[in-house]
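Here's the structure, in structure tokens; my notes come after.
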Amino acid sequence: MTFLTGVFYYLAVASVVSALLAVTRRSPVHSMLWVLALFLHVAGIFLLLGAEFLAAVQVIVYAGAILIFYLFVLMLLDLPDETARPPFGAHWPLAAAVGLSFAALAWFAEVEMLAPAGVGVAPAATTVATGSPQGSLSKIGVELFGPFALPFEIVSLVLLAAIVGAIVLARRRAAGA
Amino acid sequence: MIVPVSTVLGFSAVLFGIGVFGFLARRNIILMLVSVEVMLNAVNLSLVGLSSHFEDLRGQVLALFVIAVAAAEAGVGLGLVIALNRNKPGAGVAELTKLKW
């Protein structure tokens with residue numbers, strides 16, 4: 008086991024542990040902090056897999072913007088009795104069964120069926136550690152403005168619709184309007 | 023590739039299962055949305071793993087789009103939470119029974 012493989016397994020185990028803690032903690036703010044740990048560890052895995060740009064986006068957009076947004080709303084709402092109540096509904100064993108069976112199904116489909124056959128395509132021979140520029144910003148930019156130009160524009164429309172929708176939903180209605 | 027792609031995919035399956043459990047079991051609507059973010063992260067992981075496996079950048083571009091959609095989802099979802107909270111304080115989903123008949 009090389010050093011990088013060890014780092015990957017550390018990041019994977021730490022991500023799973025922080026995800027578990029995030030969905031089980033009673034205090035919502037603690038959950039948010041564990042989700043932050045999860046996002047940072049996933050960014051580390053992106054780095055190991057050669058997706059440097061995505062790792063940066065993960066830290067800036069996910070950990071920096073989306074999570075802070077969630078924390079803002081959480082503190083804006085001020086839920087003092089949240090920690091006193093049980094975090095799960097009465098149906099949580101059913102939810103656990105669904106989650107477990109979905110994970111088992113996906114595991115079976117991906118690990119058992121897909122991986123040994125390699126889907127007919129040879130796996131990449133180069134390693135990330137030897138400096139493959141695969142995740143470099145310029146290549147992603149060429150992809151984004153070449154074959155993915157139309158989806159890119161559609162994503163900007165989606166974001167615009169989300170901005171307008173969030174304003175319309177959260178706006179305080181004027182009296183009589 | 024420092025680890026086999028099947029390891030990355032299995033790990034992302036476990037993470038997705040945790041997100042499904044959190045979404046179904048939590049009672050707080052904000053934490054349900056956060057569980058959705060955990061699921062989206064798991065999907066991004068499998069996209070990046072396959073992109074690295076096949077040396078194809080399309081997986082990373084798709085993961086970028088997933089992140090953009092996650093940002094839009096967070097904005098609209100939290101706007102809904104604020105609108106709901108204005109009508110009925112608290113963030114529990116069990117109390118939201120107005121549309122039930």
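For the protein sequence lines, the chains are A and B, in the order given.
Counting from 8, one number per residue, gives the positions in the first sequence under the numbering used here.
Counting from 23, one number per residue, gives the positions in the second sequence under the numbering used here.
Each residue gets a CB set at the ideal place from its N, CA and C atoms; glycine is no exception.
The residues Leu11, Val14, Phe15, Leu18 and Val135, in chain order, have a CB closer than 8 Å to that of Leu55 (chain A) in the same chain once the five nearest residues on each side in sequence are set aside.
With a threshold of 8 Å between beta carbons, Val65 (chain B) makes no contact with chain A.
Within the stretch 52 to 98 of chain B, no run of beta strand (DSSP E) at least 3 residues long lies entirely inside it. Chain-ordered, the chain B residues with CB closer than 8 Å to the CB of Leu166 (chain A) read Ala90, Ala93 and Ala94. With respect to Val65 (chain B), Gly44 (chain B) sits apart: the two C-beta atoms are not nearer than 8 Å.
Per the Cβ contact rule, the stretch 19 to 35 of chain A is in contact with the stretch 32 to 47 of chain B (3 or more Cβ pairs under 8 Å).
Within the DSSP secondary-structure output, Gly114 (chain B) pairs in a beta bridge with B:Asn50. Residue pairing by DSSP puts Phe95 (chain A) in a beta bridge opposite B:Arg48.
Taking a C-beta cut-off of 7 Å against chain A, the contacting residues of the stretch 96 to 123 of chain B are Ala96, Gly97, Val98, Leu100, Gly101, Leu102, Val103, Ile104, Ala105, Asn107, Gly112, Ala113 and Ala116, listed in chain order.
Across the set A:Ile174, A:His37 and A:Arg180, the C-alpha of A:Ile174 shows the shortest separation from the C-alpha of Val98 (chain B).
Bounds of the alpha helix (DSSP H) holding Tyr17 (chain A) are Phe10 to Thr31.
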